[in-house]
Structures are given as structure tokens and as C-alpha cells.
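S.K.:
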Amino acid sequence: MRTLKYFFTTIFLFAFAVLLNAQDTNSLQRAIEKGKADLVEILNQSEGKFNFGVSAAAVERSQPASALPHKEMLFDRLLKYEGQDISEVLSKTQKLVVPLVENTRVVTTISITEKDQDTYVVNELVNQQYSEELNRLPDDIKARNFEKVGIIYVPNLNAFIYTYGDRSYTSYKGKNVSSPANTRELLKELRVDAEAFHKKYGDKLKKGKLVY
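Letter by letter, the sequence shown follows residues -22 to -1, 1 to 190 in mature numbering (1 follows the signal peptide of the UniProt record, and there is no 0).
#1: Assuming V79 contacts S109 under a Cβ cut-off of 8 Å, what Cβ separation, rounded to an integer in Å, is found between them?
#2: Tell me whether D117 counts as near the ligand ADP, meaning its Cβ is closer than 7 Å to at least one heavy atom of that ligand.
#3: Would you decide whether residue 229 is buried or exposed? Buried here means 16 or more other CB atoms lie within 10 Å of its CB.
#4: Quick check on the burial criterion: 16 or more other C-beta atoms within 10 angstroms. Buried or exposed for G152?
#5: Tell whether a beta-carbon distance below 8 Å holds between A159 and L57.
#6: Using the C-alpha atoms, what's the distance from M51 back to N81?
#7: For K177 and L183, what's the separation of their Cα atoms in angstroms?
#8: With H, G and I counted as helix, E and B as strand and the rest as coil, what does DSSP make of N(-2)?
#9: In the DSSP assignment, find the unbroken beta strand (DSSP E) run with K151 in it and report its ends.
#10: At the level of alpha carbons, what is the spacing between A(-1) and F30?
Here you go:
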């Protein structure tokens, strides 16, 4: 249910941002500033109609932290994982997730993609899962404005991993996102679950009949 709430909130905000006629920018910083301004406008216009879990005033007071590279775990490579470095099973950076922070607390996030070389566009406003889980990361990470944190999404298993150096954090299968996990052990667990998923749904995936 919570995942559906995040999904529909994200879809609504994306559609609303399109209605604002957001334009591409040639600067990451300007894209972040525009995303923040658009979000404030959306929240002000929707006040009393929708609850996005964040106020326009809080967003206005916030400051952008480090832009976090968001990558996807390549499912085919995960199925063949044999203990190599995590970078061997990841896609290229797909977008940048920017936490908007007030006193080390993440108010919300906005996501930016590089449409063309040095041309950036906002593609997501308000992801509550990112905000909640980033806020639960250790204080030393938050004190550094999330510098060098990366976000990884594992398709089909619907898992998010937050990396910081050789540490990994996740809430996957009830894990405590505040406590570091051994990255290689986590990947071995994900491989087992990926194999089970593939065994159950692999034929449908090949035929394009399953979207998850």
C-alpha cells in the first residue's frame, strides 16, 4: 500500500510539473533551483487539496545537498553474480537524486536527468521513500551532506540500496537501513531472490507479459 502511495504521488507531481511547462537548463545547479521553485509552486497551488507529506515553507527553507547518482542493478548480471565488485553489476548513472535538506534532515528530494550533454531536466518531484530512508542513514553520512552516497534500484525485487564507500544500507526484506550491510553478502542474498523470481516469472519476462 505504501509503495502504491509513493507511485501515485510521483505520477501526479510529474504531470503537474509538465503543466508548469518546465524547460531544460544548461546547468545542473539551475535545474536544481528550478525543480525546487516548481515544487514550491505546486505545493502552494495544491494546499488543502492533496497531502504530499511536505510543506511549501519547508521546501523554501531547505538547501540542496550533494547530487546522488542513481543506478540500476542489471538483473541478468545479478543472476550470474559470483562475488565481484558491485560496480560490475550496475548500469550507468540514470539520474541524479538531490536531497533538499534543512539542518541535516531531508525535507524531500528532486531528481534530475541529463537529457543531452550539459542539458538537464527535472523528472521527479517528491519521492517519500528516498526521504524517509536517507533520513535514517547514519549521522556521519548526513553531516557530510550525503556526499559520495549512491542509490541503486534492483528491478523485479523492488529493492533500494544506498552505498557509501564500502558500506551498503537497505530496508530490503525488513533490514534496518540505519545499519551497514556487507555488500557482497547482500548481493549473494539478492542473487538467490533473483533466481527465485526468474524461475517463477522468467518465461513471462521473455515474452514481455510481465511488468514489475
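Beta carbons are placed, not taken as given, at the ideal position from N, Cα and C, and that holds for glycine.
As the structure is a prediction and not an experimental result, all values here were calculated from the model.
M.R.: Taking the structure as given:
#1: Working through the sequence shown from its first residue, we reach residue 79 at position 101. Working through the sequence shown from its first residue, we reach residue 109 at position 131. About 10 Å separates the two Cβ atoms, so there is no contact after all.
#2: Looking at this structure, you won't find the ligand ADP or any other ligand, since it has none at all.
#3: The structure shown does not extend to residue 229, since the chain spans only -22 to 190, so no value can be given for it.
#4: By one-based count along the sequence shown, residue 152 stands at place 174. Burial call: exposed.
#5: Position 181 of the sequence shown, counted from the start, is the residue given in the question as residue 159. Position 79 of the sequence shown, counted from the start, is the residue given in the question as residue 57. Contact: no.
#6: In the sequence shown, residue 81 corresponds to position 103, counting from 1. In the sequence shown, residue 51 corresponds to position 73, counting from 1. Approximately 32 Å, taken between the alpha carbons.
#7: The residue labelled residue 177 in the question sits at position 199 within the sequence shown. The residue labelled residue 183 in the question sits at position 205 within the sequence shown. Approximately 10 Å between the Cα atoms of the pair.
#8: As a position in the sequence shown, residue -2 is number 21, starting the count at 1. Any reading at N(-2) needs caution, since the residue's pLDDT is 40, under 50, leaving its predicted position unreliable; the model's value is listed next. N(-2): coil per DSSP, three-state reduction.
#9: Numbered from 1 along the sequence shown, position 173 holds the residue referred to as residue 151. In the DSSP assignment, K151 falls outside any beta strand (DSSP E), carrying neither H nor E.
#10: Your numbering for residue -1 matches position 22 in the sequence shown. Your numbering for residue 30 matches position 52 in the sequence shown. Interpretation of A(-1) is limited by its pLDDT of 44, a score under 50 that renders its predicted location unreliable; the figure taken from the coordinates is listed afterwards. Whole-angstrom Cα-Cα distance: 20 Å.
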